[in-house]
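Novice:
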Amino acid sequence: MALPAVDTLASALKDTFGFSAFRPLQREIMEETLAGRDVLALLPTGGGKSLCYQLPAIVRSGLTLVVSPLIALMKDQVDSLLENGVKAAYLNSSLSEDESKEMWRQLFRREIKILYLSPERLLLEGMLDTLEQLKLEFVAVDEAHCISSWGHDFRPEYRALKAVRERFPNVPMLALTASATERVRHDIVEMLALKNPKNFVASFNRPNLAYRIVPRLSPIKQILEVIEGHKEESGIIYCLSRARTEAVALDLTKKGISAEAYHAGLTAEERSRRQERFVKDETQVMVATIAFGMGIDKPDVRFVIHHDLPKNIESYYQETGRAGRDGLPSECVMLYSSSDAAKLRVFIDQLTDSTEREVSSRQLSRLLQFAEGSECRRVSLLGYFGETYCDERGEPTLVCGACDNCLTPRQEVDATEVAQKMISCVLRIQKHSGFSVGLNHIVDVLLGAQVEKIKKWGHDSLSTYGAGKGRTKAEWLYFGRELVTAGLISINHQHFNTVEVTSEGLTALKEKRPIRLRAPLVSSGLTAEKRKEQRQRLGAVDYDEEIFNKLRLWRVGVAKEKGIPAYMVFSDATLQAVAAKKPQRFADLRGISGIGEKKLELYGESIIELLGEQ
Ligand code: ADP
Ligand code: ZN
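All residue numbers for the sequence shown refer to this note's numbering, where the first residue is 191 and numbers rise by one.
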């Protein structure tokens with residue numbers, strides 16, 4: 191098929207979705223698929239993956255098939271498309287016989303442009319024959335990483351998708367995912383039998399997210415402070431255990447916040463009920479284990495809080511990524527406890543499988559380096575994925591201006607004595623026993639702890655035994671890690687994570703050099719001024735709050751009446767744009783992002799009327 195005139199895509203984008211600009215790589219991806227090529231696209235959450243197949247589907251004359259793993263996701267997308275006046279459908283078991291017949295009739299009359307199917311249904315007897323009769327023109331595979339057993343969400347049914355390629359060798363395929371390592375990428379290409387695919391990898395920077403890590407002191411109070419800044423806005427709180435989700439949800443409820451727990455211990459029905467209440471804004475805060483995430487596309491989650499340490503940096507990125515898909519400023523706060531870290535370290539040191547121990551240990555070290563570090567969070571997060579952070583002009587930079595470390599740089603403290611005590615403790619233990627020990631044991635010796643190994647090895651006879659009683663265990667462990675970062679001691683990950691003193695450490699001790707280290711995390715909140723600065727950096731726009739609230743209220747009514755989530759009527763971004771522009775006439779609404787032709791027709795008059803009531 192020939193490439194459509196340059197503007198076909200842009201005008202479809204404007205007319206159907208009311209958007210006037212493409213997100214990065216969207217246009218390139220669409221053009222390649224329209225030119226008949228296979229494409230593999232990696233876009234972060236919120237990167238706008240759905241549009242990459244929806245818009246080409248609208249422009250094409252034939253049928254587009256979208257393979258997606260979850261009914262909830264399909265339903266959400268189909269409802270959204272219908273709201274925008276695009277004929278789309280998905281096959282599901284909840285349709286009555288009549289409804290199902292009607293759907294097939296529409297498909298055969300070529301009235302439906304986009305058909306969503308789960309991989310299971312795709313392989314039902316006769317489905318491929320039917321698709322052939324329906325003149326399939328384009329196939330999109332969403333969440334394509336599900337095909338790989340190396341991915342974090344392997345679904346064996348996805349393997350069967352190869353049959354689609356075999357049956358339709360000349361129909362272009364688009365595989366999309368937000369998470370793919372080299373290996374998973376390779377699997378996707380091979381298992382879908384993509385032909386010489388064009389690869390697209392977008393930046394994984396999420397410019398509208400602010401990262402903040404604060405010491406966990408009184409979690410409920412700190413959580414309430416975050417929620418306070420997000421009145422009537424949705425948020426997710428991630429906890430490590432089911433019991434904790436229940437406890438936190440209960441505490442918040444007692445404080446008058448509408449919160450519910452979500453975890454794998456609930457029945458499937460209960461989970462989907464709770465999820466639906468969240469999506470429809472009946473519940474403000476979801477307190478969840480990581481069982482909650484995939485399968486929710488709610489674009490207006492304004493904050494994500496980690497009550498406990500995430501599993502590793504990758505999980506942290508995925509979980510925080512659920513905030514702000516609609517591009518509006520959103521906040522990610524981690525409540526960090528160095529004693530959690532210490533407990534995890536002890537647990538990992540006791541793992542018997544050496545590979546598992548090494549991998550977990552390295553992951554934890556990277557995570558702690560990130561959490562305790564004083565580098566810009568965004569720079570450090572992207573660096574982990576091998577990406578250099580660049581500013582709006584494309585220049586590499588080391589500050590994002592919106593994270594805690596950029597807004598309130600960390601202080602340094604005099605740690606000469608701390609360093610001397612720790613370094614000499616390491617040396618004395620080595621001298622006494624002839625072997626090295628882990629950081630945890632060294633700290634136990636400094637604290638004068640009564641533990642078995644200390645007695646067994648005679649470390650209670652050392653002069654450094656009990657020399658560090660003035661500080662807590664968590665503080666010592668923190669400073670230990672800081673000394674590693676400063677290069678004065680090192681940890682041998684290949685050998686039970688034992689601690690060694692570096693030559694620099696030896697010199698520093700001998701010459702009694704003054705040593706300065708970063709102070710432990712202290713700050714909790716942001717001042718109003720800093721908060722304002724942050725919002726500007728995240729691209730917040732000025733708008734009339736009164737009008738915005740009025741529009742939101744109106745939106746709640748419309749959504750209720752139609753039985754769809756509020757964001758499907760209009761996104762917050764669109765309502766803010768309306769509240770900024772304050773259009774007087776119907777025609778003025780046309781220029782606003784998110785108001786396509788169908789929605790203009792449906793809601794244009796109501797909005798103008800509402801604004802006229804001022
Ligand atoms: P992903 O699946 O990559 O996480 P989605 O496809 O769900 O992202 O898109 C996230 C949000 O961004 C949606 O609310 C969508 O309407 C919006 N969006 C996508 N593309 C654009 C665009 N070009 N301009 C404005 N908003 C967009
Ligand atoms: Zn920063």
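Backbone N, C-alpha and C define an ideal beta-carbon position, used for all residues, glycine too. These numbers come from a predicted model, not from an experiment.
1) Have a look at residue 693 and residue 349 and give me their C-alpha separation to the nearest angstrom.
2) Are the region 668 to 677 and the region 643 to 653 touching by the rule of at least three beta carbon pairs closer than 8 Å?
3) Find the nearest neighbour of residue 223 within the set 285, 365 and 341, judged by alpha-carbon distance.
4) Measure the C-alpha to C-alpha separation of residue 656 and residue 635 and round it to an integer number of angstroms.
5) Counting Cβ pairs closer than 8 Å, one from the region 248 to 257 and one from the region 410 to 423, do we hit at least three?
6) Anyone know if the C-beta pair for residue 239 and residue 232 falls short of 7 Å?
7) What's the call for residue 678, buried or exposed, on a 16-neighbour Cβ count within 10 Å?
8) Count the C-beta pairs between the region 438 to 448 and the region 473 to 484 that are closer than 8 Å, then say yes if the count reaches three, no if not.
9) Per DSSP, which residues does residue 405 bridge with? Please list them.
10) Report, in whole angstroms, the separation of the C-beta atoms of residue 209 and residue 802, which I expect to be a contact under 8 Å.
11) In the structure shown, what three-state DSSP assignment does residue 453 receive?
12) State the beta-bridge partners of residue 279 as determined by DSSP.
13) Look up residue 768 in the DSSP assignment and say whether it is helix, strand or coil.
14) I want to know whether the region 618 to 634 touches the region 716 to 733 - three or more CB-CB distances under 8 Å.
15) Please indicate yes or no: does the CB of residue 396 lie closer than 6 Å to some heavy atom of ligand 2?
16) Would the beta-carbon of residue 600 be found less than 6 Å away from any heavy atom of ligand 2?
17) Considering only the alpha carbon of each residue, which of 257, 285, 276 and 742 lies closest to residue 352?
18) If you measure from the CB of residue 522, is any heavy atom of ligand 2 nearer than 6 Å?
19) Quick one: using the 10 Å Cβ neighbour count with 16 as the cut-off for buried, is residue 300 buried or exposed?
20) Mind checking whether the beta-carbon of residue 580 lies closer than 6 Å to any heavy atom of ligand 3?
21) Tell me whether residue 496 sits in a helix, a strand or coil according to DSSP, three-state version.
22) Using DSSP bridges, identify the partner residues of residue 425.
23) In the DSSP assignment, what residue or residues form a beta bridge with residue 580?
24) Looking at residue 583 and ligand 2, is the gap between the Cβ and the nearest heavy atom below 6 Å?
25) Run the Cβ filter for me: residues under 7 Å from any heavy atom of ligand 2, listed in the order they occur in the chain.
26) Start and end of the alpha helix (DSSP H) containing residue 289?
27) Would you call the region 557 to 571 and the region 381 to 390 touching, i.e. three or more CB-CB distances under 8 Å?
28) Return helix, strand or coil for residue 549, following the three-state DSSP convention.
29) Compute the beta-carbon to beta-carbon distance between residue 490 and residue 761, rounded to the nearest angstrom, for a pair I have assumed lies under 8 Å.
30) Just curious, the beta strand (DSSP E) that residue 690 is in, first and last residue?
31) Using a Cβ-Cβ cutoff of less than 8 Å, which residues in the same chain neighbour residue 697 once the five nearest sequence positions on both sides are dropped?
32) What number of angstroms, rounded off, separates the C-alpha of residue 775 from the C-alpha of residue 200?
33) Is the beta carbon of residue 271 sitting closer than 7 Å to the one on residue 278?
34) Tell me the residue span of the beta strand (DSSP E) that contains residue 708.
35) How long is the line joining the alpha carbons of residue 503 and residue 371, rounded to whole angstroms?
36) In this structure, does DSSP put residue 564 in helix, strand or coil?
Specialist: Per the coordinate set shown:
1) Mapped onto the sequence shown, residue 693 falls at position 503. Mapped onto the sequence shown, residue 349 falls at position 159. Taking the straight line from one Cα to the other gives about 54 Å.
2) As far as the Cβ criterion goes, the region 668 to 677 does not touch the region 643 to 653, which means the pair count is below three.
3) Residue 223 sits at position 33 when you count from the first residue of the sequence shown. Minimum Cα distance to residue 223 is reached at 365.
4) As a working note, residue 656 is residue 466 in the sequence shown. As a working note, residue 635 is residue 445 in the sequence shown. Near 6 Å, if we compare the C-alpha coordinates of residue 635 and residue 656.
5) Cβ pair count under 8 Å is below three, so no.
6) Reading the sequence shown from its first residue, position 49 is the one you call residue 239. Reading the sequence shown from its first residue, position 42 is the one you call residue 232. Cβ distance not < 7 Å, so residue 239 and residue 232 don't count as in contact.
7) Reading the sequence shown from its first residue, position 488 is the one you call residue 678. Buried, because 16 or more other Cβ atoms sit within 10 Å of the Cβ of residue 678.
8) yes
9) Taking the sequence shown and counting its residues from 1, the one referred to as residue 405 is at position 215. Looking at the DSSP output, residue 405 shares a beta bridge with 526.
10) The sequence position of residue 209 within the sequence shown is 19, counting from 1. The sequence position of residue 802 within the sequence shown is 612, counting from 1. With 8 Å as the limit, residue 209 and residue 802 do not qualify as a contact, their Cβ atoms being about 26 Å apart.
11) Within the sequence shown, the letter at position 263 stands for residue 453. Residue 453: coil per DSSP, three-state reduction.
12) Walking along the sequence shown from the start, residue 279 turns up at place 89. Paired residues: 305.
13) Indexing the sequence shown from 1 puts residue 768 at position 578. Three-state result, residue 768: helix.
14) With the cut-off at 8 Å, the region 618 to 634 and the region 716 to 733 do not touch.
15) Position 206 of the sequence shown holds residue 396. No; taking the cut-off as 6 Å, the Cβ of residue 396 has no heavy atom of ligand 2 nearer than that.
16) What you label residue 600 is simply residue 410 of the sequence shown in a count that begins at 1. Checking every heavy atom of ligand 2 against the Cβ of residue 600, none is found closer than 6 Å.
17) What you label residue 352 is simply residue 162 of the sequence shown in a count that begins at 1. That would be 257, whose Cα lies nearest to the Cα of residue 352.
18) To locate residue 522, count along the sequence shown from 1; it is residue 332. Residue 522: no, Cβ never under 6 Å from ligand 2.
19) Counting from 1 along the sequence shown, the entry for residue 300 is found at position 110. Classification of residue 300: exposed, given that the 10 Å Cβ count is below 16.
20) As presented, the structure is devoid of ligand 3, carrying ligand 1 and ligand 2 as its sole ligands.
21) The residue labelled residue 496 in the question sits at position 306 within the sequence shown. Note: residue 496 maps to strand in three-state DSSP.
22) The residue labelled residue 425 in the question sits at position 235 within the sequence shown. Its beta-bridge partners are 475 and 493.
23) Within the sequence shown, numbered from 1, the residue matching residue 580 stands at position 390. Looking at the DSSP output, residue 580 bridges to 586.
24) In the sequence shown, counting from the first residue as 1, residue 583 sits at position 393. Not so, every heavy atom of ligand 2 lies at least 6 Å from the Cβ.
25) 566, 567, 568, 569, 589, 590, 591, 592, 593, 595 and 596
26) Locating residue 289 in the sequence shown gives position 99, counting from the first residue. It spans 287 to 298 - the alpha helix (DSSP H) in which residue 289 sits, taken as one unbroken run.
27) no
28) Your numbering for residue 549 matches position 359 in the sequence shown. Helix at residue 549.
29) Residue numbering aside, residue 490 sits at position 300 when the sequence shown is read from its first letter. Residue numbering aside, residue 761 sits at position 571 when the sequence shown is read from its first letter. With 8 Å as the limit, residue 490 and residue 761 qualify as a contact, their Cβ atoms being about 7 Å apart.
30) Residue numbering aside, residue 690 sits at position 500 when the sequence shown is read from its first letter. Counting along the chain, the beta strand (DSSP E) containing residue 690 begins and ends at 688 to 691.
31) Your numbering for residue 697 matches position 507 in the sequence shown. So the list reads 703, once near-sequence residues are dropped.
32) Residue mapping note: residue 775 aligns to position 585 of the sequence shown, counting from 1. Residue mapping note: residue 200 aligns to position 10 of the sequence shown, counting from 1. So the two alpha carbons sit approximately 24 Å from each other.
33) For the purposes of this step, residue 271 is taken as the residue at position 81 of the sequence shown. For the purposes of this step, residue 278 is taken as the residue at position 88 of the sequence shown. Their beta carbons are under 7 Å apart, which means residue 271 touches residue 278 by this criterion.
34) Taking the sequence shown and counting its residues from 1, one reaches residue 708 at position 518. It spans 706 to 708 - the beta strand (DSSP E) in which residue 708 sits, taken as one unbroken run.
35) Along the sequence shown, one-based indexing puts residue 503 at 313. Along the sequence shown, one-based indexing puts residue 371 at 181. Their backbone Cα atoms lie some 14 Å apart in a straight line.
36) Position 374 of the sequence shown holds residue 564. Three-state DSSP puts residue 564 in coil, outside helix and strand.
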